[in-house]
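Peer 1:
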Amino acid sequence: MRLERAIASRRQISALVPVIGLAALIAVAGSVCGLGAEPNGSGEPHIPILLYHRFGPSVADAMTVRTADFAAQLEYLRENGYHVIPLREVVAYARGEVRPPARAIAITADDGHKTVFTDMAPLVERYRVPVTLFIYPSAISNASYAMTWEELHRLKETGLFDIQSHTYWHPNFKVEKRRLSPAQYEAFVRMQFLKSRRVLDQRLGLNVDMLAWPFGIFDQELIRLARLEGYTAAFTMVRASVKRGDNVMILPRYLMTDEMRGRRFAKFIERATAPARN
1 MRLERAIASR
11 RQISALVPVI
21 GLAALIAVAG
31 SVCGLGAEPN
41 GSGEPHIPIL
51 LYHRFGPSVA
61 DAMTVRTADF
71 AAQLEYLREN
81 GYHVIPLREV
91 VAYARGEVRP
101 PARAIAITAD
111 DGHKTVFTDM
121 APLVERYRVP
131 VTLFIYPSAI
141 SNASYAMTWE
151 ELHRLKETGL
161 FDIQSHTYWH
171 PNFKVEKRRL
181 SPAQYEAFVR
191 MQFLKSRRVL
201 DQRLGLNVDM
211 LAWPFGIFDQ
221 ELIRLARLEG
231 YTAAFTMVRA
241 SVKRGDNVMI
251 LPRYLMTDEM
261 RGRRFAKFIE
271 RATAPARN
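Numbering (this note's numbering), first residue to last: 1 to 278.
#1: Give me the Cα-Cα distance between V131 and V84, rounded to the nearest whole angstrom.
#2: Going by other Cβ atoms of all chains shown within 10 Å of its Cβ, with 16 needed for buried, is K174 buried or exposed?
#3: Within the continuous beta strand (DSSP E) that includes A104, where are the two ends?
#4: Quick one: residues in its chain with C-beta nearer than 7 Å to the C-beta of Q73, no 5 flanking neighbours on either side, listed in chain order?
#5: Would G112 pass as a contact of M147 if the rule is Cβ separation under 9 Å?
#6: Look at the Cβ atom of M237, then the Cβ atom of L51, and state whether they are nearer than 9 Å.
#7: Is it the case that the Cβ atoms of D119 and F55 are separated by a distance below 9 Å?
#8: Less than 8 Å between the CB atoms is what I'm expecting for F117 and E151, so what's the real figure, rounded?
#9: Taking Cβ positions, are I105 and I223 nearer each other than 9 Å?
#10: Let me know if A272 comes out buried or exposed under the rule of 16 or more other beta-carbons within 10 Å of its beta-carbon.
#11: Less than 8 Å between the CB atoms is what I'm expecting for A60 and L251, so what's the real figure, rounded?
#12: Give the C-beta separation of W149 and I163 to the nearest angstrom, bearing in mind that I take them to be a contact with Cβ-Cβ under 8 Å.
#13: On the criterion of 16 or more Cβ atoms from any shown chain inside 10 Å, does A183 qualify as buried, or is it exposed?
#14: Return the chain-ordered list of same chain residues with a C-beta closer than 7 Å to the C-beta of G262, the five sequence neighbours on each side being excluded.
#15: What does the alpha-carbon distance come out to for the pair C239 and G216?
#16: How should E157 be labelled, buried or exposed, when 16 other C-beta atoms within 10 angstroms of its C-beta is the threshold for buried?
#17: What residue ranges within the stretch 173-245 form continuous alpha helix (DSSP H) runs of no fewer than 4 residues, ordered along the chain?
#18: Buried or exposed for E44, going by 16 or more other Cβ atoms inside 10 Å?
#19: Within 10 angstroms of its Cβ, does A102 collect 16 or more other Cβ (buried), or is it exposed?
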């Protein structure tokens with residue numbers, strides 16, 4: 001069964017994810033009006049990782065991308081010779097293990113909003129592009145804005161979605177560090193990392209070894225603890241493209257918002273994927 005039929009009963013659901021920490025997200029990601037980093041002159045390919053959150057027929061908040069605009073973006077990428085590659089290949093490139101195709105990009109979506117299933121997934125299936133989802137399991141089948149475990153299972157079955165960790169309940173680690181003692185904080189962080197992996201494995205039978213930092217917050221202590229709990233790559237909201245040799249625990253991503261559309265999207269993608277000139 002194609003996903004379009006599977007989601008028909010949920011098309012009219014209109015509840016939106018609570019916008020908690022939205023200002024912090026955008027502040028970490030940088031100005032949504034920016035077009036990204038300039039080529040650095042290294043001569044190496046640059047791979048942008050695009051970060052989406054939710055979709056809809058209109059823009060309800062700064063984190064929503066119009067579904068029609070996402071469709072237009074995928075069409076533009078296909079018609080102009082871009083290659084959407086699995087996120088794991090981007091990690092391998094950063095490690096120096098592979099060389100990507102020309103004009104490579106990767107697509108991710110954070111949080112597990114229900115519109116990833118109702119709006120994003122049918123387009124992903126139509127264009128046959130790989131996507132990595134970063135999920136915090138506490139919301140799944142619990143929060144009104146989130147997908148269900150059955151829907152995540154359907155996405156997994158398409159073979160196009162790699163489902164990974166966004167911690168267990170998306171905490172603000174800066175707030176928790178101020179609130180807790182050092183020992184309590186370390187235990188809390190490790191629980192967030194480990195419980196997410198365990199639940200995703202139990203529910204979906206997944207090998208979870210990649211992490212998206214909640215609110216884009218990371219530091220050396222968090223990186224150390226993430227490695228201890230089995231994560232081998234992690235992703236930020238720093239606006240830059242991935243280069244060979246980048247630290248795989250803090251790989252950058254571009255936050256996609258409603259402003260990134262039409263010619264603006266085309267110009268952004270052209271610059272973000274341009275091989276650096278020697």
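We put the CB at the ideal spot given by N, CA and C, even for glycine.
Peer 2: The short version:
#1: 9 Å
#2: It is exposed - the Cβ of K174 has fewer than 16 other Cβ atoms within 10 Å.
#3: 104-111
#4: F265
#5: Yes, they are a contact pair.
#6: yes
#7: Cβ atoms of D119 and F55: closer than 9 Å.
#8: 4 Å
#9: For I105 and I223, no; Cβs fall outside 9 Å.
#10: buried
#11: The Cβ separation is near 29 Å, so there is no contact.
#12: About 11 Å; that fails the 8 Å criterion.
#13: exposed
#14: Listed in chain order, the non-local C-beta contacts of G262 below 7 Å within the same chain number zero, local neighbours out to five positions each way being set aside.
#15: Inspection of the sequence shows that residue 239 is occupied by Arg rather than by Cys. Cα to Cα, the separation comes out at about 11 Å.
#16: exposed
#17: List check, alpha helix (DSSP H) in window: 173-179, 182-204, 220-228.
#18: buried
#19: exposed
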